[in-house]
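Heads up, the thing below is written out as C-alpha cells.
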Amino acid sequence: MYQLYIANKNYSSWSLRPWVLMRAQGIAFTEHQVPFGNLPGQPDFGSFSPTASVPVLVDGELTVWDSMSIVEYLAERHQGVWPADPAARAWARSAAAEMHSSFRNLRNICGMSCGVRVGLNEVPAGLKADIARVGELWNQGLDRFGGPFLAGETFTAVDAFFAPVIFRAQTYALDFGGRSGDYVALMLEQPAMREWYDAALAETWRDQPHEDEVLAVGTITLDMRARA
Ligand SMILES: N[C@@H](CCC(=O)N[C@@H](CS)C(=O)NCC(=O)O)C(=O)O
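If you read the sequence shown in the working numbering, its first letter stands for residue 36, the second for the next number, and so on.
Given below as C-alpha cells:
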C-alpha cells in the first residue's frame, strides 16, 4: 500500500495534487497528515521528506518527493493517470508542467485557504496576467478535447495539477472566463474534491504564516472552518 504524506488540507496546495488524483482514480493509499508548524507530538517534515516538504509518497523502500515526480511514478504503474490519446497527453503534460513551474503571482497572492472567502485589496497586473493565462489554457483544453475535464472525458493528472486553482477560484472569487465557470463548478462537485474540502473545513489547526499571507492581500469575508 502506498503511504502519502500531506499537510493541512486547508492550506497545502501541493499535497492536494497527488491526493486528489489518487482518490479520483481509485488508487489506494494510507494518508499520513502532518500539520504545518511543528506541533507537539507531530513528526518533523525532515523525518520523512528529503526536502522537508510535502507531498511525499512512500512505496515500500522507495521515497518519491515532489508532486510532479509522484504523479509520474503513479503513471508508470496505473492506467489513466494521463490521457490515453497522445495529443491530449502531450497537452496535459505541458499544461501541468506550466502549472508546476509558473503562475507565481497567482500562487503567492492567492494562497490556498479552502475554508475562507476573501475580498482582495487589489488585483495587480501580474495576477491579472496569470488569471488570463490560466483561463486561456483551460479554455484551450476544454475546446480541443471536448471536456468536461481539461484533457477530455475523464479526470486526469492535469485536472489534479489545477485542483488548487479551483479552490483559489472559490476563495478569491476569481473568474477565468469562457467555459471555465462550468469547469470550476464540475471540479468542486467531484467526490474527491468534496472529501478534501470537507476535511479542510473540519480542521481546527491554524498556521499563522499561512493566515498572515491571506490577511496581507485582502479581507476575510467568511470563515467556515471549525474552531478548536
Ligand atoms: N515543488 C514541490 C513543492 C512542495 C512544497 O513547497 N510544499 C510545501 C507545502 S504545500 C511545504 O511542504 N512547505 C514546507 C513548510 O512550509 O514547512 C512539490 O511539487 O511537491
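No residue lacks a Cβ here, since even glycine has one placed at the ideal position from N, Cα and C.
Here the segment 232-249 does not lie against the segment 77-88, with fewer than 3 beta-carbon pairs under 8 angstroms apart. Taking 7 angstroms as the cut-off, one finds at least one heavy atom of ligand 1 near enough to the beta carbon of Asp101. For Gly187, the beta-bridge partners assigned by DSSP are Phe184. Following the DSSP letters along the chain, one finds Glu66 inside the beta strand (DSSP E) bounded by residues Phe64 to Gln68.
Under DSSP, Ile41 shares a beta bridge with Gln68. Around the C-beta of Arg52, 16 or more other C-beta atoms lie within 10 Å, and the residue is accordingly described as buried. The three-state reading of DSSP puts Leu97 in strand, counting E and B together. The nearest non-hydrogen atom of ligand 1 is 7 angstroms or more from the C-beta of Trp231. CA-to-CA, the gap between Phe196 and Tyr232 works out to about 16 angstroms. In the three-state DSSP reduction, Gly161 falls in the helix class (H, G or I). A contact between stretches requires three or more CB pairs, one per stretch, nearer than 8 angstroms, and the segment 50-66 meets this requirement with the segment 83-91. Taking the C-beta atoms as reference points, Gln60 is found no nearer than 8 angstroms to His135.
Placement of the Cβ of Phe80 at a distance of less than 7 angstroms from at least one heavy atom of ligand 1 is found. Annotation for Arg139: the continuous alpha helix (DSSP H) segment containing it runs Arg139 to Ile144.
Residue side-chain check: Val89 places its Cβ nearer than 7 angstroms to a non-hydrogen atom of ligand 1.
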